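Student: Chains as they are written, first to last, in the numbering used here: chain A, 13 to 278; chain B, 19 to 181; chain C, 744 to 1531.
The C-beta atom is built at its ideal place from N, Cα and C for all residues, glycine as well.
Keep in mind that this is a model prediction, so the values were computed, not measured.
Following this message is one structure expressed as structure tokens.
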Amino acid sequence: MYAFTQHRPTTVRQAASLLGKQEEAKLLAGGHTLIPTMKLRLAGPKHLVDLSKVEGLTGIEMKGRSLVIGAMTPHVEVATSAVVKENIPALAELAGKIGDPAVRHRGTIGGSIANNDPNADYPAGVLGLGATIITNKRRIPADEFFKGLFETALEGDEIITKVQFPKVNKAAYVKFPNPASRYALVGVFVSKRGSDIRVAVTGAGANGVFRVTAFEEALKKRFGPKSLEGMTVPADGMASDIHGSAEYRAHLIGVLARRAVAAAVG
Amino acid sequence: MSAVALTVNGKAVTADVDPRTLLVQFLRENLRLTGTHVGCDTSQCGACVVHVDGKAVKSCTAFVWQLEGANVLTIEGLADPNGPLHPMQEAFREHHGLQCGYCTPGMIMTAVDMVNRKGHDLDDPTIRHELEGNLCRCTGYHNIVKAIAAGAKAMEKGHAHKT
Amino acid sequence: MSATGIGAAVRRKEDHRFITGKGHYTDDVNRPGQCHAYFLRSPHARARIKSVDSKAAAAMPGVLAVLTGSELAADKVGNLICGWMITSKDGSQMKMAPHPALAHGSANHVGDAVAVILAETLAQAKDAAEKVNVDYQVLPAVADPARAQREDAPQIHEVAARNTIYQWHLGDAKAVEAAFQAARHVTRLDIINNRLVPNAIEPRAAIGEYDAGSDSLTLWNTSQNPHVARLVISAFVGIAPENRLRVIAPDVGGGFGSKIFIYPEEVVCLWAARRIGRPVKWVAERSEAFLADAHGRDHVTHAEMAFDGDGKITGLRVKTVANLGAYMSTFASSIPTYLYATLLSGQYDIPAIYCEVDAVYTNTVPVDAYRGAGRPEATFVIERLVEVGARELGLDPADLRKKNFIKNFPHQTPVIMNYDAGDYLASLKKALELADYDGFGKRKRESGRNGKLRGIGLSTYIEACGIAPSQAVGSLGCGVGLWESAEARVNPTGSVEILTGCHQHGQGHETTFAQVVSERLGIPLDNVSIVHGDTDKVQFGMGTYGSRSGAVGISALVKALDKVEAKAKKVAAQMLEAAEGDIVFRDGKFTVAGTDKSAAWGEVALNAYIAHKFAGQELEPGLKESAFYDPTNFTFPAGCHVCEIEVDPQTGESEIVAWTAVDDFGTVINPMIVEGQVHGGIAQGVGQALLEHAVYDKDGQLVTGSLMDYCMPRAQDLPTLKVDMTTTKSPSNPLGIKGCGEAGAIAAPVAVINAITHAIGTEQLEMPATAQAVWQALQKANNTRKAA
């Protein structure tokens, strides 16, 4: 690991200021992507700005028709929260499928979203529920947030503080894990909120998380697995590696989407 | 260097460490608590699992300065050195849940955390699912699963234990 | 059977230290003044090293030295060797290329160590490594064994034309040809036995220390056989004479073969420790282990089996290309030859067998023994052929096996081995019963109703263990004898220390060896200590691998205990004033036959040392005996494994829904430990069949270079295992032990593949049968069906 200086701000303002001022500074949330990357010397930030002491970044609550989750809330809290389970159970389900129990004790929703790993689970939930990412500067709709592999709309000194999820009528997440890493080889999140239907896919896209509009259109007619019968996505634009060819990933999207819709309608 | 103060196995410890020091390095190198092992570099094998404030954590994936003030429990602190074994330790021995012993401390700490979260009546699929973050190359998991189910029940019977 | 003796499921003595975090592994050893070694490794599969500029690195903070292959050569440190000479069919010797501990002149695989940086801290060593400037001339590489012998493949080593190390054969080609000419049916298969990474959870480690006062060296390392390490490092590498080199292998966290071999890092730690006068410690990181530990398997095979009109096997013909990697590791040459082709008769009476093996160099990590070593590959070949043959002939695979089983012993196979005992029908019958083989059809229909495909696969395997009779292996080219030693030291108070040349790294020798002593001497287990893993304590031994510790190591122990008993009887005779021939030893008591005169074990032990009752010139004081045991034959564990599997045809996922194993290991010392060995072996076999694969790209880069891409079996990948036994004792050793360590890994892969192919109805499936691979096989089969 390369040497660095650590900082432990207590307010978002301090954290943002450190992030803006210091060259090659990185935020440290749960650390479950960043620390292994630093250990392998694949990342070498000069400054680490640890968010664990920053006030007001954790917690789960319903605000009107929206579920609001603090950015530093660990996966285990989301997976086991009575509030999440009551209002958006599919999100609790998703959080419970990330990594393993020890990882879920440390990993955070904000860290996962800001990192935007193309195989991470949360991006599918955030996009699949049409969430809003709230930062120290602004509110960013999910559709505008994810910008490709490990790229987001976040600016250099911008910090996610909360994620706001609209309550939906129906939702489900089905994950096909990469057998080695347990990240999503393909994960499909579907939701229905009135006429707003979303099908978001992680793991499969060569450019990160994306929505399958053809599936969404089909589901608008009738929200049931039969509506997706025989439907696939083209293999073009899918990621391809030893764990899954583009064709296999494209095929799995169809299978998992049908299973997710079936689970959502119960 | 950065100063850290935390509690490990019930004892207050302080040290001045390089900021790069991971919890596992601090335990093994500074405190010479070598029961916590390192088996990988991608946070997957679970040989390094300890409890931080009562929760299972991979000690290879946390800087020790992040844990200022925390309460850390390692395999060495699970049972009183002069008292009986923790029921989960005893169950691993009784059910032959270990062979080379290298993954064992992480397995036992994971198992105790599992019981803390999931209760004492653990079925086979639950245990196997919960072991997602712990690799064993020797046992084929068969006896680890048996040991955890039995250890979970034994913990319920009110044996003296710390977590 | 006593409560702690042979056959008792005694809880393990060694467990207390492991479950309380008090195990003592190599990385737990820290020596005063130690520094840290970091190996700079080649990022290229094949390159000429034009120069290494380490000036900037040497000037970095905390750096003590930067050493390269040039310094190693200047100090006349010898090359690493492969200890088993294989002779090609044309009579020429195998082509062993030089293997220096640090690459010199050329790097031949990604991960080949090019320099070592010694520094006060590991972080400083890594910082400095980035400043070492190696000028590489990158050369074309070959990683695929099937390509290695082609004319257009780059030649890796000067000594080996077409990258061919040897072209070896075994059996009678003419008899096989005649059998195929006369065959009514021939089954043909192309098989790739996938390359694996052993991945013991404890990474390899080494600490070298030099004592200038005595001009001697000590090595702590993660070794399965410290004495062999000392011998090779002394006699071949020439680091220090044997009497001034001590090798200590403390608790070792799993080996599975990968810790048998003598590796560059341990040589370098010793050499460097003397050079800089400081202890040198190296601990592998997992991603480093992927590039530095010997891999396993990696065969490309074409195999054919001939049948007559009754479903009797009449001939077997096998052609294999075995990838040995960039250098020949310690035992690499023997794995695809004498541990492979000699097992191709399986459990069957096959009149004619012919096997050809070409071993090749490639620009990959060296390949050597991994749990089973050659025998899983042989079992896969024969058990796939038998299963597919039965399907092609429209016979029940169990019936075809029964028809061809060897039923009379001893049985001489056409491929060297002489099977001494077994009952293959018994283990098959028991396994089929326990697996409810007859009820499979009903279960398949139920799976069908849930949209799943169900299959059942058998594996009736055999292995040769008890490695090995020294004369036999010597005649086949092995450079060392494969006997084992034991020493029994009886203390004046009657407690006993057993020194064994075997080494435990999970097998539980501290318990099983003690059980044998407890039963024999009638003393409690707690009064017996097992000492191993230190060349200063144990005089010599061959270590633990090839399921040998029971059949060979415990046999040596029994022989030493025979001598102890004989001597103790002499002492007792003096004490009891009786003739030696009248002394009976039973249940820890020496009795004069036909009288009530007796002496307890402890009294006799004490009297042996105080020696008051006898003249020390006639009968020496003391009670300590040692023995070397050389086996008379291999042992032949065998059994039947049944795997039942459900496949989701939509995703290709396979779930093992039931596993039944019935094994014949001869005499079992501790059934709890033996079952544990079977469980672990099955898990590794399932890993090979479903999940694990070391993948190289065409440029020789290891694509699966970490646990993020190399898939290890997890608890969820395995079912609850049904494990049972049948017993025929081995006639070749005093207790009738056969060995159990590798059986699961040998039996399992082919049982899984036989089950999946049964479920999906196509044989075109290679390991690992990942969800993607199964889905693709189904797609292909559907397309073929549509086209037809």
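Quick check on DSSP: helix, strand or coil for LEU51 (chain B)?
Tutor: The sequence position of residue 51 (chain B) within the second sequence is 33, counting from 1. LEU51 (chain B): coil per DSSP, three-state reduction.
Student: Count the C-beta pairs between the segment 1006 to 1016 of chain C and the segment 783 to 791 of chain C that are closer than 8 Å, then say yes if the count reaches three, no if not.
Tutor: They do not touch, by the three-pair rule.
Student: Relative to chain C, which residues along the segment 187 to 210 of chain A have a C-beta separation below 7 Å, given in chain order?
Tutor: Listed in sequence order: PHE188, PRO191, ALA192, SER193.
Student: Against ASN161 (chain B), what residues of chain C qualify as contacts under a CB-to-CB distance less than 7 Å, listed in chain order?
Tutor: In the second sequence, counting from the first residue as 1, residue 161 (chain B) sits at position 143. GLY1419, HIS1422, listed in chain order.
Student: Along the alpha helix (DSSP H) that carries PRO1414 (chain C), what are the first and last residues, could you check?
Tutor: Here residue 1414 (chain C) refers to the residue found at position 671 of the third sequence. Note, PRO1414 (chain C): alpha helix (DSSP H), 1414 to 1429.
Student: Strictly by DSSP, which residues pair up with CYS1383 (chain C)?
Tutor: Position 640 of the third sequence, counted from the first residue, corresponds to residue 1383 (chain C). DSSP output for CYS1383 (chain C) lists C:THR1203, C:VAL1405 as bridge partner(s).
Student: Are at least three pairs of beta-carbons, each pair with one atom in the segment 1449 to 1462 of chain C and one in the segment 947 to 961 of chain C, less than 8 Å apart?
Tutor: No, they do not touch.
Student: Just the C-alpha distance for ALA886 (chain C) and MET837 (chain C), rounded to the nearest angstrom, thanks.
Tutor: As a position in the third sequence, residue 886 (chain C) is number 143, starting the count at 1. As a position in the third sequence, residue 837 (chain C) is number 94, starting the count at 1. Cα-Cα distance, rounded: 20 Å.
Student: Anything in chain B within Cβ reach of LYS765 (chain C), meaning under 7 Å, just list it in chain order.
Tutor: Residue 765 (chain C) sits at position 22 when you count from the first residue of the third sequence. Result: GLY53.
Student: Determine the burial state of ILE1284 (chain C): buried for a count of at least 16 other Cβ atoms within 10 Å of its Cβ, exposed for fewer.
Tutor: Mapped onto the third sequence, residue 1284 (chain C) falls at position 541. Per the sequence presented here, residue 1284 (chain C) reads as Gly, with Ile not at that position. Label assigned to GLY1284 (chain C): buried.
Student: Going along chain A in order, which residues have a C-beta closer than 8 Å to the C-beta of TYR1453 (chain C)?
Tutor: On the third sequence, position 710 is the one that residue 1453 (chain C) refers to. ALA192, listed in chain order.
Student: Quick check on ASP59 (chain B) - is its C-beta less than 8 Å from some C-beta in chain C?
Tutor: Position 41 of the second sequence, counting from 1, holds the residue named residue 59 (chain B). For ASP59 (chain B), the answer is yes, since a Cβ of chain C falls inside 8 Å of its Cβ.
Student: Go ahead and label HIS179 (chain B) buried or exposed: buried means 16 or more other beta carbons lie within 10 angstroms of its beta carbon, across all protein chains shown.
Tutor: Here residue 179 (chain B) refers to the residue found at position 161 of the second sequence. Here HIS179 (chain B) scores only 48 on pLDDT, less than 50, and its place in the model should not be relied on; the value that follows carries that caveat. Result: buried.
Student: May I have the straight-line CA-CA distance separating ASN27 (chain B) from ARG755 (chain C), to the nearest angstrom?
Tutor: In the second sequence, counting from the first residue as 1, residue 27 (chain B) sits at position 9. In the third sequence, counting from the first residue as 1, residue 755 (chain C) sits at position 12. Going by the C-alpha atoms only, they are around 27 Å apart.
Student: If you measure from the beta carbon of HIS139 (chain B) to each beta carbon in chain A, is any gap under 8 Å?
Tutor: Looking up residue 139 (chain B) in the second sequence gives position 121. Before going further, note that residue 139 (chain B) is Asp rather than His in the sequence given. It does not; no Cβ of chain A falls within 8 Å.
Student: Under the assumption that GLY1331 (chain C) contacts GLY1265 (chain C) (Cβ atoms under 8 Å), give the Cβ distance between them as a whole number of angstroms.
Tutor: As a first step, residue 1331 (chain C) is located in the third sequence; it is residue number 588 there, counting from the start. As a first step, residue 1265 (chain C) is located in the third sequence; it is residue number 522 there, counting from the start. Right, the Cβ-Cβ distance comes to about 2 Å (below 8 Å), so this counts as a contact.
Student: Give a yes or no on whether 8 Å exceeds the smallest Cβ distance from GLN43 (chain B) to chain A.
Tutor: Here residue 43 (chain B) is taken as the residue at index 25 of the second sequence, counted from 1. It does not: the Cβ of GLN43 (chain B) has no partner Cβ on chain A nearer than 8 Å.
Student: Can the beta-carbon of MET1468 (chain C) be found less than 8 Å from the beta-carbon of ASP1407 (chain C)?
Tutor: Start at 1 with the first residue of the third sequence, and residue 1468 (chain C) comes out as number 725. Start at 1 with the first residue of the third sequence, and residue 1407 (chain C) comes out as number 664. Yes. Within cutoff.
Student: Excluding the five sequence neighbours on either side, which residues of its own chain have a C-beta within less than 6 Å of the C-beta of LEU79 (chain A), listed in chain order?
Tutor: Along the first sequence, read from residue 1 onward, the residue named residue 79 (chain A) stands at position 67. Once the five neighbours on either side are set aside, the close Cβ partners of LEU79 (chain A) are ASN99, ILE100, PHE177.
Student: Comparing C-alpha positions only, which one of C:MET1451, C:ALA1015, C:ARG1528 sits nearest to GLY812 (chain C)?
Tutor: Here residue 812 (chain C) is taken as the residue at index 69 of the third sequence, counted from 1. Cα-wise, what sits closest to GLY812 (chain C) is C:ALA1015.
Student: Beta carbon of LEU1086 (chain C), beta carbon of ILE1205 (chain C): below 8 Å?
Tutor: Reading the third sequence from its first residue, position 343 is the one you call residue 1086 (chain C). Reading the third sequence from its first residue, position 462 is the one you call residue 1205 (chain C). A contact, by the Cβ cut-off of 8 Å.
Student: Based on DSSP bridge pairs, tell me the residues matched to GLY256 (chain A).
Tutor: On the first sequence, residue 256 (chain A) is found 244 positions in, with the first residue counted as 1. Answer by DSSP bridge pairing, in chain order: A:ASP253.
Student: Tell me, to the nearest whole angstrom, how far the beta carbon of VAL202 (chain A) is from that of ALA272 (chain A); I am working on the premise that it is less than 8 Å.
Tutor: Within the first sequence, the letter at position 190 stands for residue 202 (chain A). Within the first sequence, the letter at position 260 stands for residue 272 (chain A). Yes, they are in contact, since the Cβ atoms of VAL202 (chain A) and ALA272 (chain A) sit about 4 Å apart, within 8 Å.
Student: Anyone know if the C-beta pair for ALA1294 (chain C) and ASN1476 (chain C) falls short of 8 Å?
Tutor: Here residue 1294 (chain C) refers to the residue found at position 551 when the third sequence is read from its first residue. Here residue 1476 (chain C) refers to the residue found at position 733 when the third sequence is read from its first residue. Taking 8 Å as the Cβ cut-off, ALA1294 (chain C) and ASN1476 (chain C) qualify as a contacting pair.
Student: Is the shortest distance between the beta-carbon of PHE761 (chain C) and the beta-carbons of chain B less than 8 Å?
Tutor: Taking the third sequence and counting its residues from 1, one reaches residue 761 (chain C) at position 18. Chain B, which has a Cβ nearer than 8 Å to the Cβ of PHE761 (chain C), makes this yes.
Student: Any Cβ of chain B within less than 8 Å of the Cβ of ASP112 (chain A)?
Tutor: One-based indexing of the first sequence puts residue 112 (chain A) at position 100. True, the Cβ-Cβ gap to chain B drops below 8 Å.
Student: Whole angstroms is fine: what's the gap from SER77 (chain B)'s alpha carbon to ARG1186 (chain C)'s?
Tutor: Counting from 1 along the second sequence, the entry for residue 77 (chain B) is found at position 59. Counting from 1 along the third sequence, the entry for residue 1186 (chain C) is found at position 443. Cα-Cα distance, rounded: 45 Å.
Student: Within 10 Å of its beta-carbon, does LYS1441 (chain C) have 16 or more other beta-carbons around it, so buried, or fewer, so exposed?
Tutor: Counted from its first residue, the third sequence places residue 1441 (chain C) at position 698. Exposed, by the Cβ-count rule.
Student: Counting contacts by CB-CB distance shorter than 8 Å, is MET13 (chain A) in contact with chain C?
Tutor: Position 1 of the first sequence, counting from 1, holds the residue named residue 13 (chain A). Yes, MET13 (chain A) lies at the interface with chain C (some Cβ there is under 8 Å from its Cβ).
Student: Taking Cβ-Cβ distances shorter than 7 Å, what residues in chain A pair up with GLN84 (chain B)?
Tutor: Sequence index remark: in the second sequence, residue 84 (chain B) carries index 66 (1-based). ASP62, SER64, listed in chain order.
Student: Going straight from the alpha carbon of ALA192 (chain A) to that of ILE1078 (chain C), what length do you get?
Tutor: As a first step, residue 192 (chain A) must be located in the first sequence, where it is residue number 180. As a first step, residue 1078 (chain C) must be located in the third sequence, where it is residue number 335. Each residue's alpha carbon lies about 28 Å from the other.
Student: If contact means a Cβ-Cβ distance below 9 Å, which residues of the segment 234 to 260 of chain A contact chain C?
Tutor: Listed in sequence order: ASP253, ILE254, HIS255, GLY256, SER257, GLU259, TYR260.
Student: Let me know the alpha helix (DSSP H) ranges lying completely inside the segment 1305 to 1378 of chain C, each 4 residues or longer, listed in chain order.
Tutor: Qualifying alpha helix (DSSP H) stretches, in chain order: 1344 to 1353.
Student: Once you ignore the five residues that flank LEU24 (chain B) on each side, which residues in its own chain have a CB closer than 7 Å to its CB?
Tutor: Mapped onto the second sequence, residue 24 (chain B) falls at position 6. So the qualifying residues of the chain are VAL31, LEU85, GLU86, GLY87, ALA88, VAL90.
Student: If I measure Cβ to Cβ from ASP1325 (chain C) and keep anything under 7 Å in the same chain, skipping five residues before and after, which residues do I get?
Tutor: Your numbering for residue 1325 (chain C) matches position 582 in the third sequence. Excluding residues within five positions, the ones whose Cβ falls inside 7 Å are VAL1335, ALA1336.
Student: I want to see whether chain C comes within less than 8 Å of VAL115 (chain A), judged by CB atoms only; does it?
Tutor: As a first step, residue 115 (chain A) is located in the first sequence; it is residue number 103 there, counting from the start. Taking Cβ atoms only, chain C never reaches closer than 8 Å to VAL115 (chain A), which makes this a no.
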